[in-house]
Amino acid sequence: MVDRALLLGPYSAFHFLEWDQAFPPERGELGGEGPLGPILPRQASAPDGHFALWGEATPADVFYWVSDVVVAADGLYQARAAGKSTFELFVDGVSAFERRDFEAWLPESMVVDVPLTAGRHRFAVKVARGAERGDLWLA
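With positions in the sequence shown counted from 1, the corresponding number in this note's numbering is that position plus 2.
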């Protein structure tokens, strides 16, 4: 389970109009500029793997939860995410899966096999809060 992450954002003034744009966290950068100015990483703790954006006071959108995960051995691991909003999981800068709720009615949870080598890997989840609270569970 992912229980700690950095929150980065907002990167867009719009909910979905810039969803397909690659923002700095997709390139491994922690920071950048958003519609409200410079973006600084903020630490978040989620003992149950539940991350939420409803505390963000801005109407701006497109946030990233970023966490480095260390695995002890090479293997095929499962990445799991659940939420009602639009989100996309990147593992080491490569898209593992995407949920685009603005295009269709989709399942709220997703599981994907991810081959990982022993060592540190960066997981970044791009989230569009949209009309929802931006809740997301990660494991």
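Glycine included, each C-beta is placed from N, C-alpha and C at the ideal position.
- The three-state secondary structure of P26, taken from DSSP, is helix.
- When the alpha-carbon of A46 is set against those of L38, G39 and L55, the nearest one is in L55.
- Classified as exposed, F104 has fewer than 16 neighbouring CB atoms from the shown chains inside 10 Å of its CB.
- The straight-line gap separating the alpha-carbon atoms of G11 and A130 is approximately 10 Å.
- A distance below 8 Å separates the beta carbons of W67 and L138.
- Look at V72 here: in three-state DSSP terms it is strand.
- The secondary-structure analysis by DSSP pairs H17 with nothing; it has no beta-bridge partner.
- Contact check for S69 against F125 passes: the beta carbons are separated by less than 8 Å.
- Assigned with DSSP and collapsed to three states, G77 falls in strand.
- By the Cβ criterion, the region 23 to 43 is not in contact with the region 70 to 83, since fewer than three pairs of Cβ atoms, one from each stretch, lie closer than 8 Å.
- Cβ neighbours of V71 within its own chain (closer than 6 Å, five residues either side excluded): H123 and F125.
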